[in-house]
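Novice: The structure follows.
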């Protein structure tokens, strides 16, 4: 029989006529290493042959020095043996232990005495000599060392020979611990009892029924392991969606459900023309300053746009139109061609409006609703709530009847579907929308109003150069993706959500983000 079954059967046999037995007794009776025995106990417990309860107790164990004395003699007894009947001087006794007396050096007046390193042999000798006096082996008389009596036994060795009978807390145990010949060690062991499937002999349990067992009939005499339906399956090595991606997906689904089409946003590098000029944002606007915008070096300038469109935008900036006087400054073609990392996704919306206007010339006007969710870039100072790159969500509605009231209704419905019902609108200024509104919502954690977006009606000065007819209105709104994600996942510092401080385990374990309408 396999050796492991020999051991398991020995354990079961010892338990047959007893209510319980501890693992230390089993190890002693079966002459088995206790650590190895624990493996057999776990196997039997898994098969319900036994049950175990973890126990522990303090035990006195010999140190390395204690074992050395047990097999030889104690240091104090060795000193005792070296003392002759007529006595011996300290210097002569030390010589027997290989300790030479250091010559005395004359010290000059005012000279500092150097401390000599301690001789390890002398240190051990001094310890043994002191213990020999304490144990009553030797005594000092008129500068000579004499034995107290002849033929005294090695008391320490005698104590160690009776080590297994010494109890914790006894004077003998305290003496050995003080001498560092023994120490207290905590021993962990098990109390073993019969389990629900106990049997004096172990029967191997098979994990599965095999074809061979069915054919030869062995299955009739076999035991099979029960199936643990609550056991977790093996973890699959796979990618995990970041919280931002989960929220982005749900926002997309909500907007698609409201009839919006998604715009293509896969162009991070944009020309200043589409990012600023086409939006009727003046070239001297602070947002174009290098402190807010990332400018590109290679290529520094973008390709030319349609010359007719360029001239219309230039004219609107310099002299105005559609009832506006413009900004009355010299518009720079080179400034408009500068490549940048887009600062908002409205650059995508301006291109889309231009394409819609071209389609209108061919097929006539038809209402459209678009949205975009993607990265934008600002030259911001990084802190707990700001990043240099973040996501912007933008919605655009193109319709002859589009109005501020319709814009407020769409915004209320979108936020209602992500569970925010308390909204406030505040008039504000934007270069390319008029009227414009900031959107505020009630923050349930901070217990106050917080700004959650911006909105407005695109200005005629922006729409006319793009070719949008005067009787068509365009309403738009936008918000960030990071802040709602931080609220729903209770993330206090945005730097722990993206970048090098992201914890992979957090990405793996974050919950599905589900927005409930209230």
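Residue numbers (the UniProt record's numbering): 1 to 518.
The beta-carbon is built from N, C-alpha and C at its ideal position, and this holds for glycine as well.
For clarity, every value in this text was computed on a predicted model and none was experimentally measured.
1. Work out the CA separation of residue 170 and residue 179 for me, nearest whole Å.
2. For the structure I just gave you, are there three or more beta carbon pairs, one from the region 459–474 and one from the region 437–445, closer than 8 angstroms?
3. Could you tell me the distance, in whole angstroms, from the CA atom of residue 212 to the CA atom of residue 206?
4. Going by CA-CA distance only, name the one from 137, 142, 496 and 145 that's closest to residue 156.
5. Whole-angstrom Cβ separation of residue 342 and residue 270, contact assumed at under 8 angstroms?
6. Is the separation between the beta-carbon of residue 294 and that of residue 379 shorter than 8 angstroms?
7. Can you tell me whether residue 492 is buried or exposed, with buried defined as 16 or more other CB within 10 angstroms of its CB?
8. Which residue's Cα is closest to the Cα of residue 415: 383, 268, 258 and 226?
9. Per DSSP, which one or two residues make a beta bridge with residue 424?
10. With DSSP as the reference, label residue 191 as helix, strand or coil.
11. Keeping to the same chain, check which residues put their C-beta closer than 7 angstroms to that of residue 518; ignore five residues upstream and five downstream.
12. Once DSSP output is grouped into helix, strand and coil, what is the label at residue 80?
13. Distance, Cα to Cα, residue 26 vs residue 200?
14. Would a C-beta distance cut-off of 8 angstroms place residue 459 and residue 280 closer than the cut-off?
15. What would DSSP say about residue 386, mapped onto helix, strand or coil?
16. Could you check where the beta strand (DSSP E) with residue 147 kicks off and where it finishes?
17. Taking all protein chains shown into account, do 16 or more other C-beta atoms lie within 10 angstroms of the C-beta of residue 243, making it buried, or fewer, making it exposed?
18. Please report how far the alpha carbon of residue 253 lies from the alpha carbon of residue 393, in whole angstroms.
19. Would you kindly check if the distance between the Cβ of residue 190 and the Cβ of residue 52 is under 8 angstroms?
20. Would you call residue 300 buried or exposed, if buried means 16 or more other Cβ atoms sit within 10 Å of its Cβ?
21. Closer than 7 angstroms by C-beta to residue 1: which residues in its own chain qualify, once you throw out the five before and the five after it? Chain order, please.
22. For the region 266–338, list the beta strand (DSSP E) runs that are entirely contained and at least 3 residues long, ordered along the chain.
23. Do you know how far the Cα of residue 230 is from the Cα of residue 202?
24. So, does the region 391–407 touch the region 474–485, judging by three or more C-beta pairs under 8 angstroms?
25. Take the Cβ of residue 214 as the centre, count every other Cβ of all protein chains shown within 10 Å, and call the residue buried at 16 or more, exposed below.
26. Can you check which of these residues, 337, 340, 319 and 338, is closest to residue 330 by C-alpha distance?
27. Along the chain, where does the alpha helix (DSSP H) that runs through residue 93 open and close?
28. How long is the line joining the alpha carbons of residue 20 and residue 49, rounded to whole angstroms?
29. Ignore the nearest five residues each way along the sequence and tell me which others in residue 13's own chain have a CB closer than 7 angstroms to its CB.
30. Just the C-alpha distance for residue 7 and residue 193, rounded to the nearest angstrom, thanks.
31. Figure out for me which residue from 35, 47, 382 and 143 has the closest Cα to the Cα of residue 91.
32. Terminal residues of the continuous beta strand (DSSP E) containing residue 165?
33. Skipping 5 residues on each side, what residues in its chain have a beta carbon closer than 7 angstroms to that of residue 275?
34. DSSP three-state label for residue 471, please.
35. Relative to the alpha-carbon of residue 388, which residue among 148, 490 and 375 has its alpha-carbon at the smallest distance?
36. Please report the straight-line C-alpha distance between residue 285 and residue 370, rounded to a whole angstrom.
Specialist: This is what the structure holds:
1. Per the coordinates, the alpha-carbon of residue 179 lies some 14 angstroms from the alpha-carbon of residue 170.
2. Proximity of the region 459–474 to the region 437–445 falls short of the contact definition, fewer than three beta-carbon pairs being nearer than 8 angstroms.
3. Cα to Cα, residue 212 sits roughly 13 angstroms from residue 206.
4. Ranking 137, 142, 496 and 145 by Cα distance to residue 156 puts 137 first.
5. With a Cβ gap of about 4 angstroms, residue 342 and residue 270 count as contacting.
6. The Cβ-Cβ distance between residue 294 and residue 379 falls below 8 angstroms.
7. Counting Cβ neighbours within 10 Å, residue 492 comes out exposed, since fewer than 16 surround it.
8. Of the candidates 383, 268, 258 and 226, the one whose C-alpha sits nearest the C-alpha of residue 415 is 258.
9. DSSP lists 440 as partners of residue 424.
10. Assignment of residue 191 by DSSP, reduced to helix, strand and coil, places it in the strand class.
11. Its pLDDT being 48, under 50, residue 518 is placed unreliably by the model, and the measurement read from it follows with that caveat. Closer than 7 angstroms at the Cβ level, and outside the excluded window around residue 518, lie 419 and 421.
12. For residue 80, the secondary structure class from DSSP, reduced to helix, strand or coil, is helix.
13. Distance between the alpha carbons of residue 26 and residue 200: 15 angstroms.
14. Between residue 459 and residue 280, the CB-CB gap stays under 8 angstroms.
15. Three-state DSSP puts residue 386 in a strand.
16. First-last of the beta strand (DSSP E) with residue 147: 144–147.
17. Residue 243 sits buried, since 16 or more C-beta atoms from the chains shown fall within 10 Å of its C-beta.
18. Whole-angstrom Cα-Cα distance: 13 angstroms.
19. In this structure, residue 190 lies closer than 8 angstroms to residue 52 by Cβ.
20. Classification for residue 300: exposed.
21. Because the pLDDT of residue 1 is 41, which lies under 50, any placement of that residue in the model is unreliable, and the question is left without a value.
22. Here the runs fully enclosed are 269–271.
23. For the pair residue 202 and residue 230, the Cα-to-Cα distance works out to about 26 angstroms.
24. By the Cβ test, the region 391–407 is in contact with the region 474–485, since at least three Cβ pairs between them sit closer than 8 angstroms.
25. Looking at its Cβ environment, which holds fewer than 16 other Cβ atoms inside 10 Å, residue 214 is exposed.
26. Of the candidates 337, 340, 319 and 338, the residue whose Cα lies closest to the Cα of residue 330 is 319.
27. Segment 90–95, the alpha helix (DSSP H) holding residue 93.
28. Using only the alpha carbons, I get a separation of about 13 angstroms.
29. Within the same chain, and ignoring the five residues on either side of residue 13 in sequence, the residues whose Cβ sits closer than 7 angstroms to its Cβ are 200.
30. So the two alpha carbons sit approximately 16 angstroms from each other.
31. That would be 143, whose Cα lies nearest to the Cα of residue 91.
32. Element bounds for residue 165: n/a, residue is neither H nor E.
33. Here the set comprises 340, 342, 343 and 347.
34. In this structure, residue 471 counts as coil in the three-state DSSP scheme.
35. Residue 375 is the option with its Cα nearest to residue 388.
36. Approximately 27 angstroms, taken between the alpha carbons.
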